[in-house]
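Below you'll find the structure, written out as structure tokens, and then a few comments.
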Amino acid sequence: MAERKDDSLLELFIFETLQNAQQLEKIILDTGAGDRFSEVAINEIFRIMHTVKGSAAMMSYSHISSLAHKIEDLFFYIRETPDAEYDIGTVSDFVLSFIDFINEEIEVIKSDGEQDAERAEELGKDVEKYLSMLKNEGQAEGAQAVKSAEAAKGVPAAAESAGYKVTLFFEDGCGMENIRAYAALLEIAEYAKIVSFIPADIEENDRSAEEIRKNGFTVYFESEASYDELQTRFENIPLVHEVVLTKAENEGVALDDTAMPAAEPDNRVKTEAKDQAEANTEIVAIPQAAEKAASQNGSQDSRKTEAHQPTQSIISVHVSKLDKLMNLVGELVIAESMVVENPDLKGMQLPSFQREAAQLHKIVDEIQELVMSMRLMPLATVFQRTNRIVRDMSRKLGKQVKLKITGEETEVDKNIIEHLSDPILHLVRNCVDHGIESREERIAAGKPEAGTISIEAYSAGSYVYIIVSDDGRGLDKQKILEKAMRNGLLKKSPESMTDKEIYNLIFLPGFSTSETVTEFSGRGVGMDVVMQSIGTIGGNVSVDSTPGQGTSIMMKIPLTVAIIDGMNVTVGDRLFTIPISNIRESFKPDLKNVFRDPDGREMVMVRGECYAIVRLHEIWGIETSVTELSDGILVMVEQEERRRCIFVDSLIGQQQVVVKSMPELIKRSKLAEGFAGCTLLGDGSISLIFDVSWLVSFDI
Amino acid sequence: MAELVSKIIEQEEDTLSGRFLIFKVGDDSYGIELGYVTEIVSVPKITKVPGLPEYLVGIINLRGSIIPVMDIRLRFNMPKIEYNDRTCIIITQIDGMDVGFVVDAVCEVANIPAESIVPPPETSKNKSNFIRGIIKSGDNIYLLIDYQSILKIT
């Protein structure tokens, strides 16, 4: 069974392990500043290590499990020896490199590559060495104390091997009980000699899962470990809900009994009966959750722990299913309007139909909203990764940096999250590397020694705003201008530019203000990558800075890219959609304000500002009867502070549209540049969605 | 036509080799590997996309999927004709891309052994670009479409 790496099992393993690694990272980084791990943190780390070890062993990734085992040992020691003098930095480093190792290893597993057992071994040795060092120190310093403590606990210093019987009950509905049992068995085998187990056929027989669910999984074994120690170990087996541990006092009898083949039902009954009669029955059955809750003192702590517990009210669903569901709902929305607005029904008096149609509309609306909300994920997953970057970089660069995160619970669509991760990490890297000054500089400037980077997120309307700011040296206007001039990026004379315009030059492709290339940032890719990434999800970026006080970069991102508010317009017999978020205003131009510049480009003056006019029917050769500005309408569109007025025949109306991307063939041809995508309208016809960033920037 | 479509769909992937969908454009008959064909539809409303060459006549809505449509006539520089009852769009999936081809008419599915396919003569440089081979089947001659060049859009 362990050899067979079922796809769904593997996927589950990857998912669980990555989640655990993330959790682990959070704990380590949260602890960061203190000089000791809190009890809660130790227990949690211990639990995670245990789970990772168990599931890796189940998937027979032995190097991951053995490394996890070593770190688990380390934390076992830390937990059991409250006065151990460990260095939190070193221990944290161990755990963090373990996390890195896992992340890389998972990538390897995904791509079926060669596993790096050597690195695991190396790291494992380091951990072992450190642990033995800790142990030696501990013994030298407090051997007496430990001894007396042991005596008080009544734990014999060297326990003799004794026979035990344990019955494990797994959590309701955890599924695949036989596999869980097998994993548990492998684990028990690490510290005990397995004599037999019931049901015996867990490896071959899938139906044994049913039996385990009903009667539990019983193992007879011999071990030198103490009763308490075993009890704790069993309780820590992943997904174990209840543990019944019995110690056979008379070793000989226990051995005799359990030596019988457990698979024979007759014998099994006998065994159990005898066991009950002869063994000193020390039955402990504490439901784990209850015990855990009881051991938590502060209410907040217990809440925190409970949040980590896998609860059956949450299931994980594959993203592809959600994508499919959303597509289907998009179809449903269209199909609904195709039925309700069917041309066959025009002019008919159908009061009852209308009523039912309204009801249908309400339900479809609700489904759509629900599906969209299902795809929302908190930004916390992205923000958490910045913690690590700040920690690593500030250590390496010798800067003190505090990271302040607010609004991490803000939710955005999963598609968008994927595009946000890199830009945010890049911005944070920039802040630490270039923004925050060295300690000496900060002290000289009368600033607090430690710099602060804050990441803030909030939603307003259908947008999410993310602001990354630092209290560093701010942007250097002069340097930016020089650099822009050198690279030929300057289009206006520097005197006529506002501060904001100058700062925003840093987003242009090929711009990087850092003089020296460092390990962390300034590798030629710069802010333009941030701009591009955010641009592809329909957002935009702006920067503001005060010299000596810091820089703040604001990203404005739509909540979802899948459905937008659009304005439908016509040009001739063609139908187009303009994203509402790009429309500033629409108006009938006063011909007195329209003129042509020396190059013959048509311009319109609005409230003292001059805008170029884009005649769509001309640039795309569409036949239309509306060619006079006074017959049609001008729509002022804006993207990244650039504005133009586009000339259309008429506005049809505003509606929510489901954005579909252009077919691959057309995207590859790169000939239909003016369009960001297309959408289906109520009657099944297609409307093309303008790419406003192209409309405002192409050469007229 | 529905019969033809269901016949196509029923076939297993490996039994599709050697089977060609034969269609007419102008006076000539052409063949396309059946494995690429997903369905055949009559011409729905086509939405024009500005900026594309004339032979890429636009995009259609096929049950919610947006599919680009190429007019084979125009692609081969033949004169344009009005679409009629016999005009069809052959929906194909090639290299993961969905493309529809407008053809004058769809004729039949033919079994053609590999040895009946011969490379095109290298006489004229321009037209044979779109042809990968020539199929002789009984008294009929079919031209085998070359997707690589037909889908190369400039």
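In order, the protein sequence lines correspond to chains A and B. In terms of the working numbering, the first sequence has 445 at position 440, counting the first letter as 1, and numbering is strictly consecutive. In terms of the working numbering, the second sequence has 147 at position 49, counting the first letter as 1, and numbering is strictly consecutive. Yeah, the Cβ is synthetic: ideal placement off N, Cα and C, and Gly gets one too.
C-beta neighbour in chain A for residue i, strict 7 Å
i, result
"B/M176", "no"
"B/I215", "no"
"B/N159", "yes"
"B/L150", "yes"
"B/T145", "yes"
"B/V200", "no"
"B/V141", "no"
"B/I164", "yes"
"B/I251", "yes"
"B/V197", "yes"
Rounded separation between residue i and residue j - CA only
i, j, result
"A/F358", "A/I422", "42 Å"
"A/I539", "A/S231", "58 Å"
"A/V631", "A/F581", "16 Å"
"A/E442", "A/I507", "22 Å"
"A/P204", "A/L173", "12 Å"
"A/H622", "B/P148", "10 Å"
"A/T556", "A/F18", "42 Å"
"A/G493", "A/M502", "16 Å"
"A/Q120", "A/I104", "15 Å"
"A/V576", "A/S474", "44 Å"
"A/I184", "A/D206", "11 Å"
"A/Y706", "A/K326", "For chain A, the structure presents residues 6 to 705; residue 706 of chain A sits outside this window and is missing."
"A/R434", "A/V395", "7 Å"
"A/L365", "A/D578", "32 Å"
"A/N302", "A/F20", "With a pLDDT of 42 at A/N302, under the threshold of 50, the modelled position of that residue is not reliable, and the figure given next carries that caveat. Looking at the two C-alpha atoms, the distance is approximately 31 Å."
"A/S464", "A/I320", "27 Å"
"A/L2", "A/Q660", "In the structure displayed, chain A extends from 6 to 705; residue 2 of chain A sits before or after that span and is not available."
"A/I83", "A/D40", "13 Å"
"A/D349", "A/P603", "54 Å"
"A/D595", "A/E361", "47 Å"
"A/L564", "A/A61", "37 Å"
"A/T223", "A/F202", "6 Å"
"A/V387", "A/I472", "13 Å"
Residue i and residue j closer than 7 Å at C-beta
i, j, result
"B/I233", "B/I215", "yes"
"B/I210", "B/F121", "no"
"A/A73", "A/K58", "yes"
"A/H55", "A/E90", "no"
"A/A385", "A/E416", "no"
"A/N587", "A/E643", "yes"
"A/G479", "A/Q554", "yes"
"A/R649", "A/V611", "no"
"A/F706", "A/I624", "The question about residue 706 of chain A has no answer here: the residues shown for chain A are numbered 6 through 705."
"B/C186", "B/I138", "yes"
"B/I157", "B/P151", "no"
"A/D570", "A/I585", "yes"
Cutoff 7 Å: residue i Cβ touching any chain B Cβ
i, result
"A/A677", "yes"
"A/W625", "yes"
"A/S501", "no"
"A/L685", "yes"
"A/E336", "yes"
"A/P584", "no"
"A/L656", "no"
"A/S674", "yes"
"A/M326", "Met is not the amino acid found at residue 326 of chain A; the sequence shown has Lys there. It does not: the Cβ of A/K326 has no partner Cβ on chain B nearer than 7 Å."
"A/L670", "yes"
Residues of its chain near residue i, where Cβ-Cβ distance is below 7 Å and the 5 sequence neighbours each way are ignored
i, result
"A/L656", "M572, V574, S591, I638"
"A/F680", "M667, L693, I694, F695, D696"
"B/I170", "V123, F199, V200, V201"
"B/E206", "I120"
"A/A26", "I104, I107, N108"
"A/D427", "S538"
Listed by chain order, chain C residues near residue i by CB distance under 7 Å
i, result
"A/L350", "In the structure shown, chain C does not exist; the protein chains are A and B."
Same chain, Cβ closer than 8 Å to residue i, five either side skipped, listed in chain order
i, result
"B/R173", "Y153, F228, I248"
"A/H2", "Missing from the structure shown is residue 2 of chain A; chain A here goes from 6 to 705 and no further."
May I have a chain-ordered list of the beta strand (DSSP E) segments no shorter than 3 residues that lie completely inside the region 134-207 of chain B?
Listed in chain order, the complete beta strand (DSSP E) runs (minimum 3 residues) inside the region 134-207 of chain B are 135-140, 154-160, 163-169, 186-192, 195-201.
List, from N- to C-terminal side, the alpha helix (DSSP H) runs of 4 residues or more that fit wholly inside the region 420-484 of chain A.
Listed in chain order, the complete alpha helix (DSSP H) runs (minimum 4 residues) inside the region 420-484 of chain A are 444-449.
Where are the alpha helix (DSSP H) runs, 4 residues long or more, that stay fully inside the region 621-653 of chain A, in chain order?
Scanning the region 621-653 of chain A from its first residue to its last, the whole alpha helix (DSSP H) runs of 4-plus residues come out as 621-624.
List, from N- to C-terminal side, the beta strand (DSSP E) runs of 3 residues or more that fit wholly inside the region 346-415 of chain A.
List check, beta strand (DSSP E) in window: 381-383, 406-411.
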